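Below: one structure, written as structure tokens.
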Amino acid sequence: MSFPRFYPIFDNTGWLRRALPLGVKLVQIRIKDLPPEALLAELTLARDLCREHGATLVVNDHWREAIDLGCDFIHLGQEDLDVADITAIRRAGLRLGLSTHDNAELDRALSFGPEYIALGPVWPTILKKMKWEQQGLERVSEWKRLVGDTPLVAIGGMTPERAALAFEAGADIASAVTDITLNPDPEARIREWLKVAA
1 MSFPRFYPIF DNTGWLRRAL PLGVKLVQIR IKDLPPEALL AELTLARDLC REHGATLVVN
61 DHWREAIDLG CDFIHLGQED LDVADITAIR RAGLRLGLST HDNAELDRAL SFGPEYIALG
121 PVWPTILKKM KWEQQGLERV SEWKRLVGDT PLVAIGGMTP ERAALAFEAG ADIASAVTDI
181 TLNPDPEARI REWLKVAA
């Protein structure tokens, strides 16, 4: 399947309300540390907002809730793969995106036949502390050779300018978090992203 090239990640539905009307068509909701009822309410609203705007919602980590809510896409990190029931996820019809950082993780991820593979951090990121400091554009090109037709998401330290370089290196999709959420004018920044990823 083909994906939009711009893939923002947000931690609450307030951001979806701002981004979706601007034309964002692929978005991840990554919610940490909410009580179960509040989590379910946020995921339900995220699902409904994305359906209203004709956008694809990717739920990070919370695969059981995604199945229960009839969502259609889940993203898992490598640690999540250790505990997720991939058979149940696939039986429910959910599409799957997986994070990778090294060759062993890539081999493991490809064995699940995911709809996309994410590589990061391409540039240093302030979002979370990782043992991989910077993958670089050469790794993006290498990963694209290895994943073949599977869409490749570049993530980590992304800006619209860096996304253009990642696309040249072979990435199909660029993902951003803090470049938007910490920007003084997030809506304007999203519009810049949409132009670069058009």
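Positions 1 to 198 (the UniProt record's numbering) are the ones given, in order, by the sequence shown.
The beta-carbon is built from N, C-alpha and C at its ideal position, and this holds for glycine as well.
Please read all numbers here as calculations on a predicted model, not as lab measurements.
Asked                                                                                                                                                                      : Found
Within a Cβ cutoff of 8 Å, which residues of the same chain sit near LEU34, ignoring the five residues on either side of it in sequence?                                   : GLU42
According to the Cβ coordinates, are PRO8 and ILE180 closer than 8 Å?                                                                                                      : yes
Inspect the beta-carbon positions of THR150 and PRO114 and report whether they are closer than 8 Å.                                                                        : yes
Just to check my reading of the structure: ALA197 and ILE155 have Cβ atoms closer than 8 Å, yes? What is that Cβ distance to the nearest angstrom?                         : 14 Å between Cβ atoms; not a contact.
Assess contact between the stretch 53 to 72 and the stretch 90 to 104, defined as three or more Cβ pairs (one per stretch) separated by less than 8 Å. Is contact present? : yes
Under 8 Å between the Cβ atoms of TRP123 and ARG162?                                                                                                                       : yes
Which runs of the beta strand (DSSP E) at least 3 residues long sit entirely within the stretch 57 to 133? Give them in chain order.                                       : 73 to 76, 95 to 100, 116 to 119
Which residue from PHE112, CYS50, LEU137 puts its Cα closest to that of GLN78?                                                                                             : PHE112
Measure the alpha-carbon distance for ASN12 versus ARG139 and round it to whole angstroms.                                                                                 : 31 Å
Going straight from the alpha carbon of THR87 to that of PRO184, what length do you get?                                                                                   : 43 Å
My guess is that LEU152 and ALA171 are in contact by the Cβ rule of under 8 Å, so how many angstroms apart are they, rounded?                                              : 5 Å
Output the boundary residues of the alpha helix (DSSP H) element that contains PHE3.                                                                                       : No alpha helix (DSSP H) contains PHE3, which DSSP labels as neither H nor E.
In three-state DSSP terms, what is VAL140?                                                                                                                                 : helix
According to DSSP, which residues form a beta bridge with VAL27?                                                                                                           : LEU57
Between the C-alpha atoms of PHE6 and GLU37, what's the straight-line distance to the nearest angstrom?                                                                    : 30 Å
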